[in-house]
Structures are given as structure tokens and as C-alpha cells.
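Colleague: Below are the C-alpha cells for one structure; questions will follow.
Chains as they are written, first to last, in the numbering used here: chain A, 6 to 264; chain B, 3 to 343.
Below, the structure is given as C-alpha cells:
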């Protein structure tokens, strides 16, 4: 082979080589704004909860119970970015209602594109919005989650039956936001995605699946016996006890990044 | 003859013109919020809910409409009657759907934009959600908010009224409540004989003036002018113990609040008998006697009422004379606040 051709070949190879290296240094991928559906799977131990009251469950104290209503507020949602800071989802107020299929999720819209490694949210409604007057959407008082006699939202509503309860009924309406009276029952849940990550990128709606185990509402740190506590319908110490229990009922399960 | 015809024509013309000149007051239908002389700034900010004529009229219609009760038998106006300043005339307690009796005396409604809380125990802290409480109470109107919205949406008349007031005909609980709020906050009572006296327009009789002086010495601390209430919660010595109705403690769960009730405004008090949170006192004489001789001690009795308020019979009479000057006839006769037939 002619020497000049060899030289050309060498030059081209070197150029290609460096160009190929340059390609690795291209500007980073841009992610587009998208939606995230945070799905709450309500279970009792290992089975999905039946809110028709036809399934018998057993609490930590060995007492039988059924469930006829399960509703709770998930609000003030934040997503943990890779750099360790949180993105606050504006105006994020969602009502989860087990009896309505379309209300098993919190749909977060217009989330900045990117990769997230955790989620943080409040179970309940922040104190300001408890006294902000007539509101719409999830905070509409027509959702039957507001104490009209003592202005404030019911954060978590669980109803059912139990043979251990003197009335036969279980009525747990948990609420209260006044810290001055030691009645603030709002609780913050922080969940890491572990080795998974959430990718928000444009039209494909990503899903984060969280499991909420109702059994945890009645144990840890306080084991609840329905014989002694089966009716809570106002702010106070009992509401706080149950809120301290249910704060750890949520576990991160898995993510669908919508690809 | 021509002269007479001319005269008749002229007089007729004059009469015709005269009848065309409208009396400004009687035809003025417009409602505005205003701050009367000497009143402080209101608590309600009207943010996103300025009073508009269509919003006010929708709120008024809702106020008098029994559609908001389960069986369409009870409206707000049943227990809040304009001729007694929107209290419940001559009723110790009110009765709701199915004739069920309530537990507390229906408060009069006026000057609500100045109140930081509502009810005898202050349980409601934003006037926008006040109306929801009697609507859903099983012993009052026994209806759900969702049903109210559904009934209004299905009615032949309301969707258009909501469209006029809010720009579109989709009815939500928020819009319903905002309209009611516009009506309620428009109810301003500040034109009693007392108000006119303070403005220098009228004189009080000597008994009324003595009564005012006594009032300022002995009643003012709680029934502060010009609202005639400081809207605090106090135990005014009605009972030794409060198992039946703990008042403010029902809201705070604090033992120190047991037996405390909201200090009511005394405006229009001559109209709003019977008195106290459970309507136990039938007239102002009974109230005067209570304060002078009937105050019952308990651990939460207001410190200002230890030992009661000694009053001679003449002093009682004078105070009652003064209290009668707080009746606002302009307010109770204002057609803008009345039910439209």
C-alpha cells in the first residue's frame, strides 16, 4: 500500500476515534415534563381490602373485624431528586377512596422531567387549608370528609364492624390540626424507591405503587383493642394514637416507568 | 273652558312627572358591603368572594329555600327570621326535619363578617363553611352537601342563577356556600336608635341614657361596643356544672373551657328572646335578675362575674330601656334581605 494512503487511513481512524470519544461527551439527555400516577393499594395483611364488609380480618390483638369504608387524604406531595432536594408538587391534594375505583391514586401532573429516587407526602390536610373556607376538588366538603361542627377535615376515615366492639361498629374518623391543643394529627410519610428510580419523561405516564396495610393502623407503636377503642370522631389523644400508628402503614412496592 | 282644560293638562303632567321621580330608597335593590361608623375592620376578607348583586340574590334564594333540607321542609329562614333579626321568634330551641328538637338557641344573624368564629361554642371558624353545619345536622336539615348540589343541578331554575353569579352553570358546593356567604355578610345591623344617638342624630330619654352609662360600667367588658360582643368564650354562671352542654370544651376538649359559651351580640336583643345558649331565660328581666342574684359559681366562672353584678331594680329597668335602643328597625324591615315571594 502507498505510504500516503496509509497516512490517510491513520488520520481518518484517529479522527473517527476522537470523534467517537467526543460523542460520549455529548450534552446530557433532556427529560420532558410528564405525569406520575401514585397508586395506593389498600390491603389487610396479604390480601386486598374488601370494603363491602364481607371478609373477616383479625387485628394484632386477635379481634375479628370487617371494613365498610376506607378514605384518606394524601397531600403536599414531594418527589426526591437525584441531588437530594425535593420537588414540591404544587396544590397537591388527593382523596383516596377504596370504594371508588378511580380514586385509588394520586395523579401528579406537570412533573418536571427527570429521575427521582423517593417520595414524601402528608397523610391529612395542612393546618392552613383546614380553615380556608369553601374549597373544590379533593377538598370539597361534599366529599363527606369535613367536620362541619368543628371546622376541619377528617384526614383518615375507616369504618367497619367488630364482634369485640360493644356497639358492633368500628368508627374511626381521624382529624385535628391544632398543635396548640396537642391535636395535630397530620403525619408525614417518607419513602425511598430503594434501588429503583422513577423516570418522568413526557407522555408516558409513570406509576409508583405503594402498599397501604390497614393492619398497621391498629398496631405499632400502640396495639389497639376494639373492645376498648372503637369510636373516634373528634380531634384528641385517641386520634393522635391512631395517626401515629398509620403513618407507617405505607411501603413502596414498585415502579412502572411507562416505557 | 280652554283655560280649565289647560289647567287639568298641566296638573296631570305634574302628577305624572312626580310619580316618575323614583324614591331613591324604596327602589334601591342594590346590596353592598360597607363598614359602619366606628366599626372595626371585618374579619372576613371577601377574597375571591366580593358581594355581587347576582351572588347576593342567589344566596338569598338559597337561604329561604327548603330544597336544602332532606325532605324539603326546612330552610335557613325557618329558624332565622328577619322580623326578629334572623333569630327564631319566641323559640327556646328550634325544631328541624321530622320535628326533632335542637339543643341550643338559634342565634340572631347580623354583622357576621366581623366575627372570628360562629356557634355558641365557636366551632366554625370560617363563615364560608358555616351553612354546611345546619344542613348536615340530622336534627336540623338532615341533608348531605352532595345531595344539595345534585338537587340544585337538577332544578329548572338554579343552573341559570349560578351561571349569572359565577360565570358558568356547573354547580359546586363551594359556589353554593359562597353565594350563601354573600347573603349572610350583607346582613349589617348598625342603624338602631343607639347608633343614631352615637352619630349625634337623636337624643336618648333620661332612662335610656342612665342605662347606657350603667351598661358602660357593668356590661361593656364582655358586650363591647360597637359590636356589643368581644366574641370571647365565657362562663356566665348559668350552672354549677356542665355535663349537659360543655360549650367551648366540646371543641377544645379542655376542662378549662367547660361551661364557656360565645358572648352574643346584644344588638336587637329586645327581639331575640328567649336568651342564653339554651334559651332558658324568657325575657330581659330574667337576665337582669340572673346577673344581679343568680350567678352560680364553678371553677370556670368568668372572673368578671365573681359575686355577680349587683343591680338595683331601677338600674335593671334603665339598662333594659337602653337595651331596647339597640333594636334596628331599618335592618328588620329591609326588603333586600326578605324572602322574595
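Even for Gly, the Cβ is constructed at its ideal location relative to N, Cα and C.
Can you confirm whether residue 175 of chain B, when its beta carbon is compared against all beta carbons of chain A, has any partner nearer than 8 Å?
Modeller: With 8 Å as the cut-off, residue 175 of chain B counts as an interface residue toward chain A.
Colleague: List, from N- to C-terminal side, the alpha helix (DSSP H) runs of 4 residues or more that fit wholly inside the stretch 197-248 of chain B.
Modeller: 208-220, all fully within the stretch 197-248 of chain B.
Colleague: Provide the residue span of the alpha helix (DSSP H) that contains residue 193 of chain A, from first to last.
Modeller: That residue, residue 193 of chain A, is in no alpha helix (DSSP H); its beta strand (DSSP E) goes 192-197.
Colleague: Alpha carbon to alpha carbon, how far is residue 267 of chain B from residue 121 of chain B? Give it in angstroms, no decimals.
Modeller: Cα to Cα, the separation comes out at about 12 Å.
Colleague: Please report the distance separating the alpha-carbon of residue 64 of chain A from that of residue 179 of chain A.
Modeller: For residue 64 of chain A and residue 179 of chain A, the distance between alpha carbons rounds to 19 Å.
Colleague: At the level of alpha carbons, what is the spacing between residue 131 of chain A and residue 304 of chain B?
Modeller: The alpha-carbon atoms of residue 131 of chain A and residue 304 of chain B are separated by roughly 34 Å.
Colleague: Which class does residue 164 of chain B belong to by DSSP, given the choice of helix, strand or coil?
Modeller: Helix, per DSSP.
Colleague: Taking 8 Å as the CB-CB limit, is residue 131 of chain B close to chain A?
Modeller: By this cut-off, residue 131 of chain B is an interface position.
Colleague: Am I right that residue 264 of chain B and residue 293 of chain B are in contact with their C-beta atoms under 8 Å? What's the rounded C-beta distance?
Modeller: About 17 Å separates the two Cβ atoms, so there is no contact after all.
Colleague: Since residue 211 of chain A contacts residue 203 of chain A with CB under 8 Å, what's their CB separation in whole angstroms?
Modeller: Between residue 203 of chain A and residue 211 of chain A the Cβ distance is about 6 Å, and since that is below 8 Å, they are a contact.
Colleague: Just to make sure I have the definition right: I need the residues of chain B whose C-beta is within less than 9 Å of the C-beta of residue 50 of chain A. Which are they?
Modeller: Within chain B, no residue comes near residue 50 of chain A; the closest Cβ sits about 33 Å away, beyond 9 Å.
Colleague: Ignoring anything shorter than 3 residues, give me the beta strand (DSSP E) runs that lie fully in the stretch 47-112 of chain A, in order along the chain.
Modeller: Listed in chain order, they are 69-86, 91-93, 98-102.
Colleague: Along chain B, which residues have their Cβ under 7 Å away from the Cβ of residue 147 of chain A?
Modeller: Neighbours of residue 147 of chain A on chain B, chain order: 147, 148, 151, 175.
Colleague: What residue range does the alpha helix (DSSP H) around residue 252 of chain B cover?
Modeller: Run containing residue 252 of chain B: 251-254, per the alpha helix (DSSP H) assignment.
Colleague: Tell me which same chain residues have a C-beta within less than 7 Å of the C-beta of residue 2 of chain B, skipping the five on either side of it?
Modeller: Here chain B has residues from 3 to 343 only, and residue 2 of chain B is not among them.
Colleague: Could you tell me whether the Cβ atoms of residue 213 of chain A and residue 41 of chain A are closer together than 8 Å?
Modeller: Yes, these two residues count as a Cβ contact at 8 Å.
Colleague: Looking at residue 46 of chain B and residue 129 of chain B, is the spacing between their C-beta atoms short of 8 Å?
Modeller: A contact, by the Cβ cut-off of 8 Å.
Colleague: Does the distance from the C-beta atom of residue 36 of chain A to that of residue 205 of chain A stay below 8 Å?
Modeller: Yes; because the gap between Cβ atoms is below 8 Å, this pair is in contact.
Colleague: Can you tell me where the beta strand (DSSP E) with residue 126 of chain A in it begins and where it stops?
Modeller: Start and end: 119-128.
Colleague: Is there at least one Cβ from chain B nearer than 8 Å to residue 249 of chain A's Cβ?
Modeller: Judged by the 8 Å Cβ criterion, residue 249 of chain A is not in contact with chain B.
Colleague: From the DSSP output, which residues share a beta bridge with residue 55 of chain B?
Modeller: Answer by DSSP bridge pairing: none, since residue 55 of chain B is not bridged.
Colleague: Are the stretch 278-293 of chain B and the stretch 238-248 of chain B touching, with three or more C-beta to C-beta distances below 8 Å?
Modeller: With a cut-off of 8 Å, the stretch 238-248 of chain B and the stretch 278-293 of chain B count as touching, because enough Cβ pairs lie within range.
Colleague: Give the straight-line distance between the Cα atoms of residue 187 of chain A and residue 181 of chain A, rounded to the nearest whole angstrom.
Modeller: Distance between the alpha carbons of residue 187 of chain A and residue 181 of chain A: 9 Å.
Colleague: When the distance is taken between beta carbons, is residue 269 of chain B closer than 8 Å to residue 157 of chain B?
Modeller: Cβ atoms of residue 157 of chain B and residue 269 of chain B: not closer than 8 Å.
Colleague: Within the same chain, show all residues whose beta-carbon is closer than 6 Å to that of residue 154 of chain B, passing over the 5 residues directly before and after it, in chain order.
Modeller: Closer than 6 Å at the Cβ level, and outside the excluded window around residue 154 of chain B, lie 160, 173.
Colleague: Determine, for residue 103 of chain A, whether the minimum Cβ-Cβ distance to residues of chain B falls below 8 Å.
Modeller: No, because no Cβ of chain B sits closer than 8 Å to the Cβ of residue 103 of chain A.
Colleague: Are the C-beta of residue 136 of chain A and some C-beta of chain B separated by less than 8 Å?
Modeller: Yes, contact with chain B.
Colleague: Which residue from A:73, A:168, A:228 puts its Cα closest to that of residue 249 of chain A?
Modeller: Of the listed residues, the one whose Cα sits closest to residue 249 of chain A is A:228.
Colleague: Is DSSP giving residue 180 of chain A helix, strand or coil here?
Modeller: Note: residue 180 of chain A maps to strand in three-state DSSP.
Colleague: May I ask you to list, following chain order, the residues of the stretch 149-172 of chain A that have a beta carbon less than 9 Å from some beta carbon of chain B?
Modeller: Listed by position, the residues of the stretch 149-172 of chain A near chain B (Cβ gap below 9 Å) are 149, 151, 152, 153, 154, 155, 156, 157.
Colleague: Suppose you measure from the CA of residue 160 of chain A to the CA of residue 233 of chain A; what does that come to, to the nearest Å?
Modeller: Cα-Cα distance, rounded: 22 Å.
Colleague: What did DSSP end up calling residue 210 of chain A once you bin it into helix, strand or coil?
Modeller: If DSSP states are grouped into helix, strand and coil, residue 210 of chain A belongs with coil.
Colleague: So is residue 104 of chain B in contact with chain A if we call contact Cβ pairs under 8 Å?
Modeller: Residue 104 of chain B does not count as touching chain A.
Colleague: From this set, A:171, A:52, A:141, A:94, which residue's C-alpha is nearest residue 217 of chain A's C-alpha?
Modeller: For residue 217 of chain A, the nearest C-alpha among the options comes from A:52.
Colleague: When the Cα of residue 197 of chain B is compared with those of B:49, B:331, B:339, which residue comes out closest?
Modeller: Closest by alpha carbon: B:331.
Colleague: Give the residues from the stretch 96-128 of chain B that approach chain A closer than 7 Å (Cβ to any Cβ), ordered along the chain.
Modeller: Cβ contacts with chain A come from 125, 126, 127, 128.
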